[in-house]
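Please read the structure below before turning to the comments.
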Amino acid sequence: MSDVAVLGGGLAGLATALILAEMGYEVVVIDDDSVPPPTLGESLEFSAPGRLSELGLDLEELVEYGLGYPKSNVFVSLVGHSDFEIWPPGWFGRAPFFCSNKALHIDRAAVDQWLRTRAGAAGVLLLADRVTGLELAGRDRIVAALTRDGRRLESRWYVDATGHRARLVGRALSVGRRLEGEQRVAYFARLSVPPWIDATLLRFWPRARGRRTWGWIIPLNRDEVSVGICVPGDEVRAERARGVGGRSLFWRYVEDIPELARLDHREIPVRSTAYQAYSHEQASGTNWVLVGDAASLVDPVASSGVAAGLRGADTAARLIDGNIRGAAGGRRRQASHHHSAVRIVSTVNSVVDRVMLNPRVWRVVGGRLAIFAAATPMLIIHAWSNRFRLHRPWALRVHRALNASVRVLTSMVGWVTGRGPGRSRSQKPNRARSSGDARVVAAKGSPVQSSQTC
Ligand SMILES: Cc1cc2nc3c(=O)[nH]c(=O)nc-3n(C[C@H](O)[C@H](O)[C@H](O)COP(=O)(O)OP(=O)(O)OC[C@H]3O[C@@H](n4cnc5c(N)ncnc54)[C@H](O)[C@@H]3O)c2cc1C
Numbered sequence: 002m003s004d005v006a007v008l009g010g011g012l013a014g015l016a017t018a019l020i021l022a023e024m025g026y027e028v029v030v031i032d033d034d035s036v037p038p039p040t041l042g043e044s045l046e047f048s049a050p051g052r053l054s055e056l057g058l059d060l061e062e063l064v065e066y067g068l069g070y071p072k073s074n075v076f077v078s079l080v081g082h083s084d085f086e087i088w089p090p091g092w093f094g095r096a097p098f099f100c101s102n103k104a105l106h107i108d109r110a111a112v113d114q115w116l117r118t119r120a121g122a123a124g125v126l127l128l129a130d131r132v133t134g135l136e137l138a139g140r141d142r143i144v145a146a147l148t149r150d151g152r153r154l155e156s157r158w159y160v161d162a163t164g165h166r167a168r169l170v171g172r173a174l175s176v177g178r179r180l181e182g183e184q185r186v187a188y189f190a191r192l193s194v195p196p197w198i199d200a201t202l203l204r205f206w207p208r209a210r211g212r213r214t215w216g217w218i219i220p221l222n223r224d225e226v227s228v229g230i231c232v233p234g235d236e237v238r239a240e241r242a243r244g245v246g247g248r249s250l251f252w253r254y255v256e257d258i259p260e261l262a263r264l265d266h267r268e269i270p271v272r273s274t275a276y277q278a279y280s281h282e283q284a285s286g287t288n289w290v291l292v293g294d295a296a297s298l299v300d301p302v303a304s305s306g307v308a309a310g311l312r313g314a315d316t317a318a319r320l321i322d323g324n325i326r327g328a329a330g331g332r333r334r335q336a337s338h339h340h341s342a343v344r345i346v347s348t349v350n351s352v353v354d355r356v357m358l359n360p361r362v363w364r365v366v367g368g369r370l371a372i373f374a375a376a377t378p379m380l381i382i383h384a385w386s387n388r389f390r391l392h393r394p395w396a397l398r399v400h401r402a403l404n405a406s407v408r409v410l411t412s413m414v415g416w417v418t419g420r421g422p423g424r425s426r427s428q429k430p431n432r433a434r435s436s437g438d439a440r441v442v443a444a445k446g447s448p449v450q451s452s453q454t455c
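Okay, here's the thing in structure tokens:
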């Protein structure tokens with residue numbers, strides 16, 4: 002029996018495992034080797050480099066080893082308007098904020114591989130296998146994880162880091178989920194471009210019925226950029242009904258970007274993934290913790306999924322450590338993990354949905370002001386969550402107050418513009434196979450389908 006079993010070995014799972022192993026715990030990571038390595042989560046916001054540096058990867062080293070590329074010249078481009086730069090203004094680095102305004106883009110597959118190597122060196126046991134079910138006792142305790150290769154792994158604690166498609170523990174324990182925004186499909190590719198593209202671009206296309214497609218261009222190194230577009234689900238369905246596939250849709254939007262208009266794209270593979278922002282109503286239980294996208298999916302337009310995963314890894318490891326040691330303050334640790342992995346994400350999602358991508362707000366104040374009004378609180382919330390760590394009671398209180406005020410403001414905007422609170426959905430329990438007191442719940446949501454080539 003291990004101390005901690007981490008289900009899923011992406012960035013959030015590996016970071017949690019590494020922190021726990023360095024605390025002296027026996028940790029097993031089970032990661033499905035049949036899934037291609039992630040290529041999303043490349044643009045970091047300003048609190049992420051500090052977190053990576055605590056795991057042993059400094060910003061300068063990331064750039065030197067070719068794992069990262071400095072994020073500079075960040076522009077927002079609104080179709081039909083002039084581009085504007087959205088770099089953190091000078092006040093961001095001064096009192097009372099004192100926040101770093103250095104960030105970068107990373108090669109996600111390479112950074113995950115680096116973390117895997119670090120975790121292995123710290124004594125984490127890495128298993129290439131797929132979790133196919135969980136053995137549960139009562140309503141909230143996990144007894145064992147069952148795998149494709151016939152393993153039955155018992156552990157004192159379980160960390161669900163299986164990402165947004167699998168959400169293994171959340172599903173198995175029927176944890177309620179709040180959905181935000183709308184369903185979208187992301188189409189993305191890596192393109193080789195002339196070295197003159199050294200800017201990060203966020204582009205917004207207004208559409209009929211106020212649905213907004215947005216996209217990104219992120220330089221990954223001197224010759225390659227990551228390009229993606231996020232299209233509302235109903236537009237994708239309508240185009241499909243007209244016989245327009247994902248690949249054509251992707252190129253239709255990308256060719257509209259002047260810098261990329263004349264690329265020869267016949268050989269370039271385009272991948273897609275469907276998503277909708279959400280957060281679980283509970284981030285931990287008797288002997289389980291949710292981290293990364295398995296806890297909550299932050300809207301990708303905020304570029305903060307990686308930071309959220311690393312922040313949650315830190316609070317999850319503290320929660321588990323305190324509980325195994327039987328230290329006082331269990332409720333506080335649970336609250337700080339909940340706030341860090343779920344609450345902040347939920348606030349950011351509501352800012353995105355009710356302000357940044359809200360067509361009525363755009364109509365009244367214009368896209369530029371809507372984006373600025375949404376980006377400012379998001380920057381501050383993230384930067385302060387890194388600077389003032391949430392395990393400190395006073396920092397948690399200040400952070401809760403900040404989040405609450407932002408939520409009140411966005412709710413007011415939501416009510417005025419007809420975008421009420423996000424949908425909350427409690428899931429039906431999975432069909433369980435009974436075996437005495439314990440029951441076995443099969444894992445759903447194959448991660449193999451999480452992104453596909455179109
Ligand atoms: C369109 C889009 C764009 C994005 N852009 C950005 C961005 O610019 N910046 C940013 O910071 N974030 C971004 N994100 C978010 C970011 O990609 C995620 O937050 C981050 O990758 C989450 O990491 P994770 O470790 O939680 O999950 P993942 O990286 O998805 O890892 C999950 C792991 O679990 C494994 N797994 C799943 N099921 C099982 C199972 N049954 N058994 C064993 N293993 C299993 C998988 O193999 C995988 O390795 C974006 C997301 C989307 C959808």
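If you count by the numbering used here, then the sequence shown holds residues 2 to 455, one letter each, in order. C-beta: ideal position from N, C-alpha, C; glycine also. Owing to the predicted nature of the structure, the values given are computational and were not obtained by experimental measurement.
- C-alpha of residue 401 to C-alpha of residue 346: approximately 12 angstroms in a straight line.
- Per the coordinates, the alpha-carbon of residue 284 lies some 7 angstroms from the alpha-carbon of residue 343.
- Taking the Cβ atoms as the reference, residue 386 lies roughly 6 angstroms from residue 48, within the contact range of under 8 angstroms.
- For residue 216, the enclosing beta strand (DSSP E) has its first and last residue at 213-220.
- Within the chosen limit of 8 angstroms, ligand 1 reaches the beta carbon of residue 189 through at least one heavy atom.
- For residue 158, DSSP records a beta bridge to 5.
- Excluding residues up to 5 positions away in sequence, 224, 225 lie with their Cβ nearer than 8 angstroms to the Cβ of residue 193 in the same chain.
- By the C-beta density criterion, residue 358 is buried, having at least 16 other C-beta atoms within 10 angstroms.
- The way I'd put it, the stretch 318-334 doesn't touch the stretch 263-281; fewer than three beta-carbon pairs between them come closer than 8 angstroms.
- Residue 254 carries a helical assignment under DSSP once its states are collapsed to helix, strand and coil.
- With a 10 Å radius around the Cβ and a threshold of 16 neighbouring Cβ atoms, residue 50 comes out buried.
- Each of 393, 415, 408 was checked against the Cα of residue 363, and the nearest Cα belongs to 415.
- Counting only runs of at least 3 residues, the stretch 105-150 fully encloses the following beta strand (DSSP E) elements, listed from N- to C-terminal order: 105-107, 126-129, 132-138, 142-148.
- Taking C-beta atoms as the reference points, residue 269 and residue 158 fail to come closer than 9 angstroms.
- In the DSSP assignment, residue 389 falls outside any beta strand (DSSP E), carrying neither H nor E.
- If you look at residue 280, you'll find it in the beta strand (DSSP E) that goes 279-281.
- If you draw a straight line from the Cα of residue 120 to the Cα of residue 113, it is about 10 angstroms long.
- If you keep only unbroken beta strand (DSSP E) runs of at least 3 residues inside the stretch 22-105, you get 28-32, 69-71, 75-79.
- Looking at 290, 271, 92, 186, the one whose alpha-carbon comes closest to that of residue 239 is 186.
- For residue 372, the Cβ stays outside the 8 angstroms cut-off from all heavy atoms of ligand 1.
- Within the DSSP secondary-structure output, residue 454 pairs in a beta bridge with 272.
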